[in-house]
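S.K.: Got a structure for you, questions after.
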Amino acid sequence: MMAQRALPNPYADYDKSLGTAYFDASGRLTPEFTQRLNNKIRELLQQMERGLKAADPQDCTAYTGWAGGLKRIYLGANSGAFEETGSEPSSGKSAGRPVPGIAVLYLHLHDVYGDPAYLHAAHEYVKKSLSCLTRRSITFLCGDAGPLAVAAVVYHKLQNHKQSEDCITR
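Here you go:
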């Protein structure tokens, strides 16, 4: 006789009725759940903004700085977060400093919600990142190319095509 090759499943089978609090009959998010998500987004943005008061003003890279924080945005952050637990491998920055996803995050929120306030916030952070370009490193994540690329998109969306083009040609 064969040995049993599976572990017992301690979880209940899928219950479609549990999804009704989150999705309507056509599979769209319910207004109540959408409101909860929007409230949580606003709450996390406020928490992030409070944490940014301790951010490194000289970190302007697309990897960890004002321009992007791409790692934190795309890999996600815990709700208590925006703090590193170890040092960044390629940035040489110290552990425990805030890792904001600022300009790219606000640019994305503008794309999702269409709220001009988010585009304005992205613009403010782009201006910070452009003020401290090194002109020494051309890599996207840790050099000048990332902040310039993000700035080009922000300026394009602001209909400031000359500044957008300047960021592209630098």
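Last residue of the sequence shown? That's 195 in the working numbering, and every number before it is there in order.
Quick reminder that beta carbons are idealized off the backbone N, C-alpha and C, glycines included.
With respect to 7 Å, is the separation between the Cβ of MET27 and the closest non-hydrogen atom of the ligand GTP below this value?
M.R.: Here there are no bound small molecules, and the ligand GTP is not part of this structure.
S.K.: Count the other CB atoms within 10 Å of the CB of ILE163; is the residue buried (16 or more) or exposed (fewer)?
M.R.: With fewer than 16 other Cβ atoms within 10 Å, it is exposed.
S.K.: Considering only residues of the same chain and omitting the five flanking positions on each side of LEU158, which have a CB-CB separation below 6 Å?
M.R.: Excluding residues within five positions, the ones whose Cβ falls inside 6 Å are ASP169.
S.K.: Indicate the three-state DSSP secondary structure (helix, strand or coil) for PHE48 in the structure shown.
M.R.: The answer is strand: DSSP assigns PHE48 an E or B state.
S.K.: Report buried or exposed for PRO56, applying the criterion of at least 16 other Cβ atoms within 10 angstroms of its Cβ.
M.R.: PRO56 comes out exposed.
S.K.: Under a three-way DSSP split, which group does LEU32 fall into?
M.R.: Three-state result, LEU32: coil.
S.K.: Taking the straight line between their C-alpha atoms, what separation do you get for GLU74 and ARG30?
M.R.: Whole-angstrom Cα-Cα distance: 51 Å.
S.K.: Going by C-alpha distance, which of HIS148, ARG160, ARG161 and PHE165 is nearest SER189?
M.R.: Nearest of HIS148, ARG160, ARG161 and PHE165 to SER189, Cα basis: HIS148.
S.K.: Cβ atoms of LEU130 and LEU183: under 8 Å apart, would you say?
M.R.: Going by C-beta atoms, LEU183 is not nearer than 8 Å to LEU130.
S.K.: Which value, in whole angstroms, describes the spacing of the CA atoms of ALA146 and ASP38?
M.R.: Those two C-alpha atoms are separated by around 45 Å.
S.K.: For a test of the three-state rule: what should DSSP assign to LEU54, helix, strand or coil?
M.R.: Looking at LEU54 - three-state DSSP - the assignment turns out to be strand.
S.K.: When the Cα of THR59 is compared with those of ALA46, LEU69 and LEU70, which residue comes out closest?
M.R.: Among ALA46, LEU69 and LEU70, the Cα nearest to that of THR59 is on ALA46.
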